[in-house]
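Take 11 as the starting number for the sequence shown in the numbering used here and just add one per residue. The structure appears below as structure tokens.
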Amino acid sequence: MKKYRPNTKAVVVGLAFMLVGIACWVIKASFIPKGAVFLFSIGMLLICIGGLTLTITAFIAMRKNDLAMNAIIKKQDEERKKEAEKKKQTSAF
């Protein structure tokens, strides 16, 4: 079975958003403690967007793996049914 992995580009984009969001917080806290309040909200938004990107990417990879596993199980069930029918036919004679 082929194992599907999360899209590398989407993971990098998600992590980049999160790092930029954290950088906004660090800039706000370290360099401009009394001003630039907008950096806090922008940082929070970027962290949330990055986390959402990573979550969606993980769910897509999980769904692809689930569909691949279901296809394998379905194929195995069909093979078992065929073998059971052959055994019934041979045992009847």
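Just so it is clear, CB atoms sit at the ideal spot from N, CA and C, and this is done for glycine as well.
- By the Cβ criterion, the stretch 60-78 is in contact with the stretch 13-25, since at least three pairs of Cβ atoms, one from each stretch, lie closer than 8 Å.
- Residue 46 sits in coil when the DSSP states are folded into three classes, being neither helix nor strand.
- Residue burial is scored here from C-beta neighbours: residue 79 has fewer than 16 other C-beta atoms within 10 angstroms and is therefore classed as exposed.
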